[in-house]
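Taking it in order: structure first as structure tokens, then the write-up.
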Amino acid sequence: MKTLLLLLSIFSFCFSFDFKLKPIKLAKNSYYFYGKEEYFSVKNGGDISNTAFIITKNSVILIDTGSSYEYAEQVKKKIKQITNKPIKYVINTHHHPDHFLGNNAFSNSEIFSTEFTKNEIAQNGDLYIANLNNLVQGAMNGTKIKVPNEILKSNELNLDGYKLKLFYLDGHTKSDLVIYDENTKILYAADLVFNKRTLATPHANIPDWIKSLEKLKKINYKILVPGHGKIDRTKNAINEDIAYLHYLDNTLKNSARHGFDIFEILARPIPKEFKSFTMFKEEFERSIINLYPKYEKRRMKNYQE
Numbered sequence: 042m043k044t045l046l047l048l049l050s051i052f053s054f055c056f057s058f059d060f061k062l063k064p065i066k067l068a069k070n071s072y073y074f075y076g077k078e079e080y081f082s083v084k085n086g087g088d089i090s091n092t093a094f095i096i097t098k099n100s101v102i103l104i105d106t107g108s109s110y111e112y113a114e115q116v117k118k119k120i121k122q123i124t125n126k127p128i129k130y131v132i133n134t135h136h137h138p139d140h141f142l143g144n145n146a147f148s149n150s151e152i153f154s155t156e157f158t159k160n161e162i163a164q165n166g167d168l169y170i171a172n173l174n175n176l177v178q179g180a181m182n183g184t185k186i187k188v189p190n191e192i193l194k195s196n197e198l199n200l201d202g203y204k205l206k207l208f209y210l211d212g213h214t215k216s217d218l219v220i221y222d223e224n225t226k227i228l229y230a231a232d233l234v235f236n237k238r239t240l241a242t243p244h245a246n247i248p249d250w251i252k253s254l255e256k257l258k259k260i261n262y263k264i265l266v267p268g269h270g271k272i273d274r275t276k277n278a279i280n281e282d283i284a285y286l287h288y289l290d291n292t293l294k295n296s297a298r299h300g301f302d303i304f305e306i307l308a309r310p311i312p313k314e315f316k317s318f319t320m321f322k323e324e325f326e327r328s329i330i331n332l333y334p335k336y337e338k339r340r341m342k343n344y345q346e
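Here you go:
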């Protein structure tokens, strides 16, 4: 029996989840991997967000590393099928686990992030791994925390002569990095933009998020790569996200004003303008449960004053 358990343990450790990654070409030197519009599960292995890469004259720039070491290793293999240039640079757009937990697959790379993102990864990274071990299980094998080693502060990043414009925004989290490649006019918006996928709000500030999206609308991009969902060649994804955030904010405010409970809010039908969104029921419920107590508290404070 002990031998059988040992063999099962070894098999589990050696298990390699096949993410079936397919790099999608955006421009001559630019690609992205489309993540499933789902929540973390054993079935999807945690492949729920988009990652992207840019091939420069001498190297590769990778934007986000996914949810696990195994995912990142398979990203490396797919990139190697396109170019032999090294992945010298990695950029973490924010501190959510589906965007940085593949960092330890890039031991020889410079990993960039904002200072806030670096600190959040250092402080809470192990908690994210523990949580995903329960949700994703075997696909997390080999995943360890690797904290970014380069802090971003300037509005331009020059990597071996390849220049990227940086925007330091917030709303989805307290630090949301957006990358604009003026060479290709591709905007890597990360999780400030969800395209046809209901927005996730665990660390959100809705007014700040709307302000950030209004700023992104002013950028003259040709292609927008969202953190979740397919690419957009218009302003539609941004406009729909703004509309959803206004809807969510107004729903929370009005419900608090009328004293509705959470179950009354969740019983409402899905508005027709958001019926095309994936995961509406799940994410709307998460947002209400997470955010409504804050709105109730604010309403009570205003009432007492």
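Residue 65 in our numbering sits at position 24 of the sequence shown, and the numbers go up by one each step. Glycine included, C-beta positions come from ideal geometry on N, C-alpha and C.
### Message
Just to check my reading of the structure: Gly87 and Ser109 have Cβ atoms closer than 8 angstroms, yes? What is that Cβ distance to the nearest angstrom?
### Response
Indeed they touch by this definition, with Cβ atoms about 6 angstroms apart.
### Message
What does DSSP give as the partner residue(s) for Pro267 in the beta ladder?
### Response
Bridge partners of Pro267: Ala231.
### Query
Which class does Leu47 belong to by DSSP, given the choice of helix, strand or coil?
In this prediction, Leu47 has a pLDDT of 42, which is less than 50 and means its spatial position is unreliable; what the coordinates show is noted afterwards. Helix.
### Task
Determine the contact status of Leu210 and Leu233, defining contact as a CB-CB distance below 8 angstroms.
Contact flag set, yes.
### Query
Which residue's Cα is closest to the Cα of Thr275: Gly268, His269, Ile264?
Ranking the options by Cα distance to Thr275, first place goes to Ile264.
### Query
At which residues does the alpha helix (DSSP H) containing Leu67 begin and terminate?
In the DSSP annotation of this structure, Leu67 is not part of any alpha helix (DSSP H); the continuous beta strand (DSSP E) holding it starts and ends at 65-68.
### Task
Just tell me which of Ser100, Asn277, Lys98, Lys117 has its CA closest to the CA of Gly107.
Taking Gly107 as reference, the option from Ser100, Asn277, Lys98, Lys117 with the minimal CA-CA separation is Lys117.
### Task
Along the alpha helix (DSSP H) that carries Ser253, what are the first and last residues, could you check?
Looking at the DSSP string, the run of the alpha helix (DSSP H) that includes Ser253 is 247-258.
### Message
If we require 4 or more residues per run, which alpha helix (DSSP H) segments fall completely within the stretch 306-346?
### Response
With a minimum length of 4 residues, the continuous alpha helix (DSSP H) runs that stay inside the stretch 306-346 are 321-345.
### Query
What are the boundary residues of the alpha helix (DSSP H) that includes Ser296?
First-last of the alpha helix (DSSP H) with Ser296: 277-299.
### Query
Between the beta-carbon of Ala93 and the beta-carbon of Tyr262, is there less than 8 angstroms?
Going by C-beta atoms, Ala93 is not nearer than 8 angstroms to Tyr262.
### Query
Nearest-angstrom Cα distance between Thr70 and Lys129?
According to the sequence provided, residue 70 is Asn. The question's Thr does not apply to it. Each residue's alpha carbon lies about 15 angstroms from the other.
### N- and C-terminal bounds of the beta strand (DSSP E) containing Leu210
Unbroken beta strand (DSSP E) run through Leu210: 203-210.
### Message
Contact defined as beta carbons within less than 8 angstroms: I believe Ile152 pairs with Glu191. What is the distance between those atoms, to the nearest angstrom?
### Response
With 8 angstroms as the limit, Ile152 and Glu191 qualify as a contact, their Cβ atoms being about 6 angstroms apart.
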